[in-house]
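**Q**
In mature numbering (1 follows the signal peptide of the UniProt record, and there is no 0), the protein residues as written are -21 to -1, 1 to 202.
#1: Residue 49 lies in the beta strand (DSSP E); which residues open and close that run?
#2: Quick one: what's got a C-beta closer than 6 Å to residue 90's C-beta in the same chain, skipping five residues either side?
#3: Does residue 202 pass the burial test, meaning 16 or more other C-beta atoms within 10 Å, or should it be called exposed?
#4: So what's residue 18 in DSSP terms, helix, strand or just coil?
#5: Classify residue 127: buried if its beta carbon has 16 or more other beta carbons within 10 angstroms, exposed otherwise.
#6: Can the beta-carbon of residue 108 be found closer than 9 Å to that of residue 145?
#7: Buried or exposed for residue 54, please, with buried defined as at least 16 other CB atoms from any protein chain shown within 10 angstroms of its CB.
#8: Taking buried to mean at least 16 other C-beta atoms within 10 Å of its own C-beta, is residue 50 buried or exposed?
#9: How big is the Cα-Cα spacing for residue 87 and residue 103?
#10: May I have the straight-line CA-CA distance separating residue 2 from residue 101, to the nearest angstrom?
#11: Return the chain-ordered list of same chain residues with a C-beta closer than 7 Å to the C-beta of residue 60, the five sequence neighbours on each side being excluded.
#12: Between residue 76 and residue 14, what straight-line distance do the alpha-carbon atoms span, to the nearest angstrom?
#13: Could you name the residues that DSSP lists as bridge partners for residue 125?
#14: According to DSSP, is residue 3 helix, strand or coil?
#15: Which residue's Cα is closest to the Cα of residue 80: 152, 155, 131, 6?
#16: So residue 136 packs on residue 122, CB below 8 Å; how close in whole Å?
Take a look at the structure:
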């Protein structure tokens, strides 16, 4: 009877140890959702931007999907090539007045296809921290507007594709051997456009740099 109890206890301990074991190398995929926001700053010269700049930022819903392949480097440390799609539905506008003309630049949502390397370190069998670094192929919609005191008004709508630097910092908690919850901060840097393409002087001296950011909660499945 005692031997049966010992055997049963051993099986239970082995199953618990298996459920909390570090993941093996292999593929994974997941989804993310959260809050996206933007941060923009002026690149302009005071010679052209005579009045105080005005910058308005507003946040919105962000979501994405991702896939990667975990490679165990040493015990508790992994590297993974990863690809993901991310939509940040935030808005930002930047404006200034120069020589009697009001100029403004308004950005809509940012869509990005991201290629990155994920470095992940397990603090315990269930909890890990990680960082991602890579390139984001972004496509952003924006509008430029010029207006003067004599009711002259000119608007232009554009879509721009660029390659930008991307990084993310996060933490992950393993629910089971295959399912994990991730919480991360994502940052896409360097989206930049001058306020006026036609005027080369202002194109050099007036512009805005937009940084798209998001705080995301993710659900990940490891095969």
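Ideal placement from N, C-alpha and C gives every residue a C-beta, glycine not left out. Bear in mind the structure is a predicted one, so any value in this text is a computation, not a measurement.
**A** In short:
#1: Element bounds for residue 49: 39 to 53.
#2: Result list for residue 90: 66, 118, in chain order.
#3: Result: exposed.
#4: Residue state, collapsed to three classes: strand.
#5: The C-beta of residue 127 has fewer than 16 other C-beta atoms within 10 Å across all chains shown, which makes the residue exposed.
#6: No Cβ-Cβ contact shorter than 9 Å links residue 108 with residue 145.
#7: Exposed, since its Cβ has fewer than 16 Cβ neighbours within 10 Å.
#8: Classification for residue 50: exposed.
#9: Residue 87 and residue 103: Cα-Cα distance of roughly 41 Å.
#10: Cα-Cα distance, rounded: 10 Å.
#11: Same-chain partners within the cutoff: 47, 48, 96.
#12: Rounded to the nearest angstrom, the two C-alpha atoms are 32 Å apart.
#13: In the DSSP assignment, residue 125 forms a beta bridge with 82, 133.
#14: In the structure shown, residue 3 sits in coil (DSSP, three-state: anything other than H, G, I, E or B).
#15: Minimum Cα distance to residue 80 is reached at 131.
#16: Going by Cβ atoms, the distance from residue 136 to residue 122 rounds to 5 Å, so yes, they are a contact pair.
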